[in-house]
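Novice: In the numbering used here, the protein residues as written are 49 to 230. Below you will find the structure I want to go over with you.
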């Protein structure tokens with residue numbers, strides 16, 4: 049047995065029961081080859097360490113999440129196997145779009161515009177205009193809600209600046225803050 053055959057069929061040997069004729073060929077090869085013997089020792093020690101570890105506890109949501117991810121992987125594999133689509137679908141879509149465009153523009157392509165006759169509208173005189181009485185609202189606070197308060201609305205730009213995030217930015221510009229990094 050050569051070293052490459054040993055490595056190719058090693059998992060069969062490792063999983064096989066001792067005493068089989070095939071296992072004996074592997075044992076004989078390990079007796080004569082130090083590299084393959086070392087490979088077997090490393091794998092055996094790794095398996096022993098793995099078996100000595102405590103069992104893995106998985107959350108209850110692991111199974112459904114795994115199934116969901118596998119579903120997406122299967123979908124991606126199916127899409128990859130589908131390959132490129134035919135040009136017939138593209139041609140069909142372009143043809144339908146052209147038919148819709150022709151149908152939409154067909155009224156504008158007519159040379160003759162229809163003549164429409166509308167009967168004249170006769171107005172004898174304009175409606176009379178009477179001004180409405182001023183609106184007065186009652187407010188329990190004591191002033192009308194329609195009154196203009198000059199102290200608030202005299203400078204709308206200042207009012208907008210005061211309540212915008214920009215003013216907070218410029219107010220905080222001259223302040224030093226301690227960050228905790230000493």
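The C-beta atom is built at its ideal place from N, Cα and C for all residues, glycine as well.
Closer than 7 Å by C-beta to residue 81: which residues in its own chain qualify, once you throw out the five before and the five after it? Chain order, please.
Specialist: So the qualifying residues of the chain are 51.
Novice: Mind checking residue 74: buried by the 16 CB within 10 Å criterion, or exposed?
Specialist: Looking at its Cβ environment, which holds 16 or more other Cβ atoms inside 10 Å, residue 74 is buried.
Novice: Can you tell me whether residue 101 is buried or exposed? The criterion is at least 16 other CB atoms within 10 Å of its CB, across all chains shown.
Specialist: By the neighbour-count rule (16 or more Cβ atoms within 10 Å), residue 101 is not buried but exposed.
Novice: Taking the straight line between their C-alpha atoms, what separation do you get for residue 137 and residue 144?
Specialist: Straight-line Cα distance between these residues: approximately 11 Å.
Novice: Going by DSSP, what residue range makes up the alpha helix (DSSP H) through residue 69?
Specialist: Counting along the chain, the alpha helix (DSSP H) containing residue 69 begins and ends at 69–80.
Novice: Can you tell me which of 181, 59, 215 and 159 puts its alpha carbon nearest to the alpha carbon of residue 95?
Specialist: Nearest option by C-alpha distance: 59.
Novice: Just verifying my parser: in three-state terms, what is the DSSP assignment at residue 164?
Specialist: In the structure shown, residue 164 sits in coil (DSSP, three-state: anything other than H, G, I, E or B).
Novice: Helix, strand or coil, according to DSSP, for residue 137 in the structure here?
Specialist: Helix.
Novice: Where does residue 117 fall in DSSP's three states?
Specialist: Helix, per DSSP.
Novice: Is the beta carbon of residue 77 closer than 9 Å to that of residue 49?
Specialist: A contact, by the Cβ cut-off of 9 Å.
Novice: Hey, residue 62 and residue 70 are a contact pair by Cβ (cut 8 Å); roughly how many whole angstroms apart?
Specialist: The pair is not a contact, with the Cβ atoms about 12 Å apart (cut-off 8 Å).
Novice: Tell me whether residue 54 is buried or exposed, calling it buried when 16 or more other Cβ atoms sit within 10 Å of its Cβ.
Specialist: Buried is the call here.
Novice: Quick one, are the C-beta atoms of residue 85 and residue 79 less than 9 Å apart?
Specialist: Cβ distance < 9 Å, so residue 85 and residue 79 count as in contact.
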